[in-house]
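*Asks:* 345 is the number that numbering that gives the first Met the number 0 gives to position 346 of the first sequence; each next residue is one higher, with no gaps. Can you keep this structure in mind? I'll have questions shortly.
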Amino acid sequence: MARSLGVYAVEGDEREARRRKLEALRESGVNPYPNDFRPTDTTGDVVARFGSSDADELAQLDGEVCLGGRIVSRRDFGKASFLHLQDRRGRLQAYVKRNVVGDEAFALFKQMDLGDFIGVVGKPFRTRTGELTVEVHQLRLLGKSLRPLPEKWHGLTDVEARYRQRYLDTTTNEQVRETFHKRARIIQRLRQFFVDREFFEAETPMMQSVAGGAAARPFVTHHNALDMQLYLRIAPELYLKRLLVGGFDRVFELSRVFRNEGVSTRHNPEFTLLEFYQAYATYRDLMDLTETLFVELADDIAGSRQLSWGEHQLDLSPPWRRVSIPDYVADELDLSLDAVRDLDLPTLRGAADGVGGLLNQDYGKKYGDAAAGYLLMDLFETIAEPELIQPTFVEEYPVAVSPLARRSETAPKFVDRFELFIAGREMANAFSELNDPVDQRQRLETQLEHRAAGDDEAHAMDEDFVRALEHGMPPAAGEGIGVDRLVMMLTDATSIRDVILFPHMRPEKEVPPEA
RNA sequence: GAGCCGUUAGCUCAGCUGGUUAGAGCAUCUGCCUUUUAAGCAGAGGGUCCCGCGUUCGAUCCGCGGACGGCUCACCA
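What follows is the structure in structure tokens.
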């Protein structure tokens, strides 16, 4: 305790001053935290109504406006003061004069600080400099703030503080608020897009006894009453397909999944995934749908199909480029297309030598075509991904890396699948769904072999899922879209933490205690 | 998980080759100020220089270890 007094003496200084004001208010009978004030307007309403009125027009008004918000700046004079009030719609200047509000209210106002929530009633006018301002007739303290706001000019720029104390970031930085408003609108547009097309919105289990549907490590938890291990889902896929079996032939889910993996500018352990499944469609149909969706979003959110994302200038105008993996690899590395399509391991190994530094890392864990499939993917990613800047559908994936996708009828070692790349990032993953239960069981058993051989990201077996397929699933195509990355693209964010309100952080070593 | 960089007042930042008492602006406190908007003027207070160990007569500064963060890479969406 004595120690913390020393450590936090400085901040305590300002907080001490605010506490004293708080006590003084209470002693004079003022409740510093009332909840009986009802604003009838917002700053946005006032600007919309009076933003184009000149000083004379405003002078002839006889109505009042009533606002609630936080004091985010103030400029004091002896017997008057200007302040800016910020609410959900923006900020507006207010002018407090002692001879208007009265001595008592003005004395109270003098005790108010930056960061306090207040309610004001007053009349709009224009200042000498022409700024729309509310002349305050009455004011109330609605919520006392005991800690200082970040510096007014630079705002809060310390990245760590911005993420850990997002409330300060959003209070201070208008752009950040805008980004999250855009995110909310994107979520709504996504939902509406699928509802409009008669997709059923599903809510499937977040806690699963088998974490299926993707290749990723799950978070593990425990259910006490049932004394059983549960996993946070890594994907909703297997449940959404059960719904295809169950008669919902168009379904989607838009919510959180959890993957126990690294944190980076592109990864957060929990992230938002949109998955949708459409019966009687193929992955090719979903290409068209995806183009339509992205273009609608770009038009609405960014106002253009020409986007700037970090260092890249993007053009989302359809149709987008399509690239076949075996074609591309054979062409770029001057290999026999037949050998590549046949997943000929010696051919691919030889090519890997040429690419350099990419040989047999842990392909020993996999067998036969699987090893060749993984190798082909590594080859492709190494040589092609850096140039997948403009929207590109990459297609023809090896069966081994796609255990839930439908086998191609023309190239049986490949599946009917695409991934969408933009700015080198994977934005979507889609395929014609495997609805052959015999093939599905076999594929998952192969995954189990990989798992037994040490690949802890191999897919798990889900017996009930296979049983569901045995009851019959309509032919369908499904897709997953990484919503956070989509938001990043549409808001020109380079870190996923800039589009997630409360990104994952290590715990602080100590939160400063009460002084 | 690896590499590089960073951490100084509540906030934004200076701080020379290791040398007396670590500075500025904003914020806070006191006084003045009724059209300001990074308001102004005068004054005051506020620091475990991220933590620990070491080197040194002496460390915010150099070395080692650690914590947290950023970027890049790896895994992935």
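Each residue gets a CB set at the ideal place from its N, CA and C atoms; glycine is no exception. None of these values were measured; they are calculated from a predicted model.
Hey, how far is the Cα of L378 from the Cα of W319?
*Replies:* For L378 and W319, the distance between alpha carbons rounds to 23 angstroms.
*Asks:* Report buried or exposed for S51, applying the criterion of at least 16 other Cβ atoms within 10 angstroms of its Cβ.
*Replies:* Exposed: under 16 other Cβ atoms inside 10 Å.
*Asks:* Taking three-plus beta-carbon pairs below 8 angstroms as touching, is the stretch 153–171 in contact with the stretch 259–277?
*Replies:* Counting Cβ pairs under 8 angstroms, fewer than three are found: no touch.
*Asks:* Quick one: using the 10 Å Cβ neighbour count with 16 as the cut-off for buried, is S550 buried or exposed?
*Replies:* Because residue 550 is not part of the residues shown, which for the chain are 0 to 514, the question remains open.
*Asks:* Just verifying my parser: in three-state terms, what is the DSSP assignment at N98?
*Replies:* If DSSP states are grouped into helix, strand and coil, N98 belongs with the helices.
*Asks:* Write down the C-beta distance between D115 and L140 rounded to the nearest angstrom, noting that I regard them as a contact closer than 8 angstroms.
*Replies:* About 6 angstroms separates the two Cβ atoms, so the contact holds.
*Asks:* Look at S208 and L229 and say whether their C-beta atoms are less than 8 angstroms apart.
*Replies:* Yes, the Cβ-Cβ distance between S208 and L229 is below 8 angstroms.
*Asks:* Tell me the residue span of the beta strand (DSSP E) that contains G477.
*Replies:* Start and end: A475 to G481.
*Asks:* Taking the C-alpha atoms as reference points, what is the distance between N359 and E380?
*Replies:* Bear in mind that a pLDDT of 48 at N359, under 50, signals an unreliable position, so the number given afterwards is only what the model happens to contain. Computed Cα separation, rounded: 15 angstroms.
*Asks:* Using alpha carbons as the reference points, say which of N98, I70 and D86 lies closest to G77.
*Replies:* G77 has its Cα closest to that of N98, out of N98, I70 and D86.
*Asks:* Does the pairing of the stretch 438–447 with the stretch 230–246 give three or more beta-carbon distances under 8 angstroms?
*Replies:* The stretch 438–447 vs the stretch 230–246: no contact.
*Asks:* For A301, count neighbouring Cβ atoms within 10 angstroms of its own Cβ and tell me buried if that reaches 16, exposed if not.
*Replies:* When all chains shown are included, A301 counts as buried.
*Asks:* Classify K240 as helix, strand or coil using the three-state DSSP reduction.
*Replies:* In this structure, K240 counts as helix in the three-state DSSP scheme.
*Asks:* Quick check: the Cα distance between L347 and G471, rounded to an integer number of angstroms?
*Replies:* About 38 angstroms.
*Asks:* First and last residue of the alpha helix (DSSP H) that includes F36?
*Replies:* Premise fails: F36 is in no alpha helix (DSSP H) and is neither H nor E.
*Asks:* If I'm right that P474 touches A329 with Cβ under 8 angstroms, what's the distance once you round it to whole angstroms?
*Replies:* Contact flag wrong, Cβ pair sits at about 30 angstroms.
*Asks:* Quick check: what's the CA-CA separation for I499 versus D55?
*Replies:* Each residue's alpha carbon lies about 46 angstroms from the other.
*Asks:* Since I believe T281 is in contact with D438 (beta carbons under 8 angstroms), could you give me their beta-carbon distance rounded to a whole number of angstroms?
*Replies:* Not confirmed; about 17 angstroms, so no contact.
*Asks:* Report, in whole angstroms, the separation of the C-beta atoms of N223 and P502, which I expect to be a contact under 8 angstroms.
*Replies:* Wrong, their Cβ atoms sit about 30 angstroms apart, outside the cutoff.
*Asks:* Identify, in the order they occur along the chain, each residue of the same chain with its Cβ nearer than 8 angstroms to the Cβ of T220, setting aside the five sequence neighbours on each side.
*Replies:* Result list for T220: M206, Q228, L229, Y230 and L231, in chain order.
*Asks:* Report back the beta-carbon spacing between R17 and L145 to the nearest angstrom; my notes put them in contact at under 8 angstroms.
*Replies:* With 8 angstroms as the limit, R17 and L145 qualify as a contact, their Cβ atoms being about 5 angstroms apart.
*Asks:* Can you find the residues in the same chain that come closer than 7 angstroms, C-beta to C-beta, to D299, ignoring five residues on each side of it along the sequence?
*Replies:* Excluding sequence neighbours, D299 sits near R188.
*Asks:* Quick one: Cα of R505 to Cα of A93, how far?
*Replies:* Distance between the alpha carbons of R505 and A93: 41 angstroms.
*Asks:* Distance check for D368 and I382, CA to CA, integer angstroms please.
*Replies:* The straight-line gap from Cα to Cα measures roughly 21 angstroms.
*Asks:* Following the continuous alpha helix (DSSP H) through P436, name the residue where it begins and the one where it ends.
*Replies:* Per DSSP, P436 belongs to the alpha helix (DSSP H) from P436 to A451.
*Asks:* Assuming A297 and L315 are in contact, meaning their beta carbons sit under 8 angstroms apart, how far apart are those beta carbons, in whole angstroms?
*Replies:* Rounded, the Cβ-Cβ distance is 5 angstroms, consistent with contact.
*Asks:* Give the straight-line distance between the Cα atoms of I324 and R182, rounded to the nearest whole angstrom.
*Replies:* Cα to Cα, the separation comes out at about 33 angstroms.
*Asks:* Mind checking who A79 pairs with in its DSSP beta bridge?
*Replies:* Per DSSP, K96.
*Asks:* Indicate the three-state DSSP secondary structure (helix, strand or coil) for V339 in the structure shown.
*Replies:* Helix, per DSSP.
*Asks:* Could you have a look at Q207 and say whether DSSP puts it in helix, strand or coil?
*Replies:* Here Q207 sits in strand by DSSP.
*Asks:* By the 10 Å Cβ neighbour count, where 16 or more other Cβ atoms means buried, how is T156 classified, buried or exposed?
*Replies:* That one is exposed.
*Asks:* Considering only residues of the stretch 88–168, which uninterrupted beta strand (DSSP E) runs meet the minimum length of 3 residues and lie entirely inside it, listed in chain order?
*Replies:* Whole beta strand (DSSP E) segments, 3+ residues: 89–96, 116–125 and 131–142.
*Asks:* Relative to the alpha-carbon of L334, which residue among R321, A351 and V322 has its alpha-carbon at the smallest distance?
*Replies:* Taking only the C-alpha atoms, the option nearest L334 is A351.
*Asks:* Work out the CA separation of Q164 and D497 for me, nearest whole Å.
*Replies:* Approximately 13 angstroms between the Cα atoms of the pair.
*Asks:* Using beta-carbon positions only, say whether R73 and E456 come within less than 8 angstroms of one another.
*Replies:* Not closer than 8 angstroms, so no.
*Asks:* Between which residues of its own chain and F198 is the CB-CB distance below 7 angstroms, once the five residues before and five after are set aside?
*Replies:* Cβ neighbours of F198 beyond the five flanking positions: R249, V250, F251 and F275.
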